[in-house]
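A.B. asks: Read in order, the letters of the sequence shown are residues 70 to 512 in my numbering. Beta carbons: idealized from backbone N, C-alpha and C, even for Gly. Quick one: the structure is below, and I'll ask about it shortly.
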Amino acid sequence: MMQTKKSFNYWQWKVIICSMIGYSMFYFVRKNFSFAMPVLGAEYGIKDTSFGLILTLGGLVYGLSKFANGFIADRANARWHLVIALTACVVLNALFGWSPAISRWISGSAEGPDFVGTLVTVTAVFIILNNLFQGAGFGPCNRLLVHWIPPKELATKMSLWNMSHSIGAGIVAVLCGAIVASSSWQWCFWIPAIISGAGVFFIFLTLRDTPKSVGLPELPDTKTELDDNDTPEEYRKFVKKMVFRNPVVWLCAISDMFLYVVRFAVLDWGPKFLQQGDNPLSPTLAGWTIGIFEVCGCAGMLLAGWLTDKLFKGKGQQMCLVEMLLTALCLIAIHFLPEGTSPVIMLALLALAGFFLYGPQALYCVVTGKHATKKAASAAAGLVGLFCYVSVLFTGLGIGFLSDTFGQGFWNNLFIIMSGVAVFSAAVLIPIWNIKDDGYVHE
Numbered sequence: 070m071m072q073t074k075k076s077f078n079y080w081q082w083k084v085i086i087c088s089m090i091g092y093s094m095f096y097f098v099r100k101n102f103s104f105a106m107p108v109l110g111a112e113y114g115i116k117d118t119s120f121g122l123i124l125t126l127g128g129l130v131y132g133l134s135k136f137a138n139g140f141i142a143d144r145a146n147a148r149w150h151l152v153i154a155l156t157a158c159v160v161l162n163a164l165f166g167w168s169p170a171i172s173r174w175i176s177g178s179a180e181g182p183d184f185v186g187t188l189v190t191v192t193a194v195f196i197i198l199n200n201l202f203q204g205a206g207f208g209p210c211n212r213l214l215v216h217w218i219p220p221k222e223l224a225t226k227m228s229l230w231n232m233s234h235s236i237g238a239g240i241v242a243v244l245c246g247a248i249v250a251s252s253s254w255q256w257c258f259w260i261p262a263i264i265s266g267a268g269v270f271f272i273f274l275t276l277r278d279t280p281k282s283v284g285l286p287e288l289p290d291t292k293t294e295l296d297d298n299d300t301p302e303e304y305r306k307f308v309k310k311m312v313f314r315n316p317v318v319w320l321c322a323i324s325d326m327f328l329y330v331v332r333f334a335v336l337d338w339g340p341k342f343l344q345q346g347d348n349p350l351s352p353t354l355a356g357w358t359i360g361i362f363e364v365c366g367c368a369g370m371l372l373a374g375w376l377t378d379k380l381f382k383g384k385g386q387q388m389c390l391v392e393m394l395l396t397a398l399c400l401i402a403i404h405f406l407p408e409g410t411s412p413v414i415m416l417a418l419l420a421l422a423g424f425f426l427y428g429p430q431a432l433y434c435v436v437t438g439k440h441a442t443k444k445a446a447s448a449a450a451g452l453v454g455l456f457c458y459v460s461v462l463f464t465g466l467g468i469g470f471l472s473d474t475f476g477q478g479f480w481n482n483l484f485i486i487m488s489g490v491a492v493f494s495a496a497v498l499i500p501i502w503n504i505k506d507d508g509y510v511h512e
């Protein structure tokens, strides 16, 4: 018994750490495009409107892919699912570095409207295809986590795992920033592709699927209505009940969608606002402000996960509601800062907003995973992910339209608008404040 427990703990932490590293590799070949955009715009005359449309389409495809791959992940081997998806992303990024040459070959010209139009189309195709395979990254990882981590520890350990997002995005930001400053933009795709290519082999060598795949018993207290020998028809009925007819999953999905509106509004448009609002910051300080927003978000995730398990007795929806209200208070405070306020105060309040905001971001899939159970956790996460990326319709095209229509008046009220969105995100969770901990069968 002691040997089995020791072996399980070894494999549990190996799965957590190695899947963190593996998933961060997806961000290496996903978050690099934004660093190439300014250079592509300056070199080839591609307009910001074209980039905005490409990002919006990519975000929607990512959400749809995350939705579909959630259902695939619950029934597929997680290791192979990740290997296939990341390999496709590596290949697409390698090809993207050759997009000007591909565009010249298609258009028959090296400059002019035909070439630029073709380059925009080729860029859109590569970004959309990349997001299609990127959407296959989270589902398998979610499957691994709910099969290896007991429900009573899931919030703490999954919040730790969620740092993989920021680790990958942070490292590639530093890497691509240095590449753009010293070399051609193509290397923003080729170097991350090489690193993530190594990540493919790392995933294959280190990860396994469920405890049963390495000869260990399944987690205790995770019995479901569905046994291991279920038929496809029984699985569909189970998913219909535990996901599509489950109010917990739907309310978390809606709440998370509004959380993502706040998050993307700050990340995508924050630097622009911070440089032209009532208390404008320098470009360098604006960049550091957004960076600190992410770093504090990581700390917030860790604390939120621990508090959920220890203080809120595993009820992550309660922690989400409280933290979204605290996020709203921070954004309101930013809006009412008087003119001439020190940039340090603005930075501190935005960092605090990130600290509170990233806790719920990590917890929504914990809540839905526990209620959909390990048999349908990734399907539930897929539905939540779909709603998250519907938010790009507002944060991409929506904010761009409001900016063009209302100008500075809109930007001056951005944070008060986002505070209202955060309050609405919290209010959606009120009906499930005190529901039971999970959807498992307890005898």
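1) Check whether the region 138-146 and the region 201-212 are in contact - that is, three or more C-beta pairs closer than 8 Å.
2) Compute the beta-carbon to beta-carbon distance between F484 and H404, rounded to the nearest angstrom, for a pair I have assumed lies under 8 Å.
3) Beta-carbon within less than 6 Å of Y433's beta-carbon, same chain only, minus the 5 sequence neighbours each way: which residues are those?
4) Can we say the region 189-199 touches the region 412-429, given the rule of at least three CB pairs closer than 8 Å?
5) Tell me the rounded alpha-carbon separation between V413 and V364.
6) According to the neighbour-count rule (16 or more other Cβ atoms, all chains shown, within 10 Å of its Cβ), is R314 buried or exposed?
7) Mapping the DSSP letters down to three states, classify Y509 as helix, strand or coil.
8) Smallest Cα separation from C87: which of L213, L129, A154?
9) At what residues does the alpha helix (DSSP H) containing W502 begin and finish?
10) For the alpha helix (DSSP H) that contains K135, what are its first and last residues?
11) With a threshold of 16 other CB atoms inside 10 Å of the CB of A334, please say whether the residue is buried or exposed.
12) Beta-carbon separation of G383 and A495 under 8 Å?
13) Assess contact between the region 278-297 and the region 426-446, defined as three or more Cβ pairs (one per stretch) separated by less than 8 Å. Is contact present?
14) Quick check on this structure: which residue in V84, Q255, S228 has the alpha carbon closest to the alpha carbon of V108?
15) Closest to L371 by CA distance: which of S235, R148, K83, Y79 is it?
16) May I ask you to verify whether the region 126-141 touches the region 271-290, counting CB pairs closer than 8 Å and requiring at least 3?
17) Would the beta-carbon of V490 fall within 8 Å of that of V331?
18) If you draw a straight line from the alpha carbon of V160 to that of A242, how long is it in whole angstroms?
19) Let me know if I499 comes out buried or exposed under the rule of 16 or more other beta-carbons within 10 Å of its beta-carbon.
20) With distance defined between alpha-carbon atoms, name the residue in E287, T156, G186 nearest to P169.
21) Check whether the region 130-138 touches the region 448-467, counting contact only when three or more Cβ pairs, one atom from each stretch, lie closer than 8 Å.
22) When you compare the CB positions of S103 and N200, do they come within less than 8 Å of one another, or not?
23) Quick check on the burial criterion: 16 or more other C-beta atoms within 10 angstroms. Buried or exposed for K439?
24) Please classify S119 as buried or exposed, where buried requires at least 16 other C-beta atoms within 10 Å of its C-beta.
25) Do Y262 and A163 have their C-beta atoms within less than 8 Å of each other?
26) In the DSSP assignment, the alpha helix (DSSP H) including T190 goes from what residue to what residue?
27) Where L229 and K74 are concerned, what is the direct C-alpha to C-alpha distance, given to the nearest angstrom?
28) Taking its Cβ as the centre, do 16 or more other Cβ atoms sit within 10 Å of K226, making it buried, or is it exposed?
29) Go through its chain and collect everything with a Cβ distance to E287's Cβ below 8 Å, but skip five positions before and after it.
30) Alpha carbon to alpha carbon, how far is Y96 from V435? Give it in angstroms, no decimals.
31) Got a sec? Which residues, its chain only, sit under 8 Å from I260 by beta carbon, not counting five neighbours each side?
32) Ignore the nearest five residues each way along the sequence and tell me which others in L591's own chain have a CB closer than 6 Å to its CB.
33) Given that a residue counts as buried once 16 or more other Cβ atoms are within 10 Å of its Cβ, and exposed if not, what is W502?
C.D. replies: Judging by the given coordinates:
1) yes
2) Right, the Cβ-Cβ distance comes to about 4 Å (below 8 Å), so this counts as a contact.
3) Closer than 6 Å at the Cβ level, and outside the excluded window around Y433, lie C321, D325, V453.
4) No, because fewer than three Cβ pairs between the region 189-199 and the region 412-429 fall closer than 8 Å, the two stretches do not touch.
5) 16 Å
6) So R314 ends up on the exposed side.
7) coil
8) L213
9) Taken as a continuous stretch (DSSP letters only), W502 belongs to no alpha helix (DSSP H), as it is neither H nor E.
10) 117-142
11) buried
12) For G383 and A495, no; Cβs fall outside 8 Å.
13) yes
14) Of the listed residues, the one whose Cα sits closest to V108 is Q255.
15) S235
16) no
17) yes
18) 20 Å
19) exposed
20) G186
21) yes
22) Not closer than 8 Å, so no.
23) By the neighbour-count criterion, in which a residue is buried when 16 or more other Cβ atoms sit within 10 angstroms of its Cβ, K439 is buried.
24) buried
25) Before going on, a small fix: residue 262 reads as Ala here, not Tyr. The Cβ atoms of A262 and A163 lie closer than 8 Å to each other.
26) 181-203
27) Note on geometry: alpha-carbon atoms of L229 and K74 lie some 21 Å from one another.
28) Buried, by the Cβ-count rule.
29) H216, T279, P280, K281
30) 21 Å
31) L244, I248
32) Examination of residue 591 is not possible in this model, given that the chain is present from 70 through 512 alone.
33) exposed
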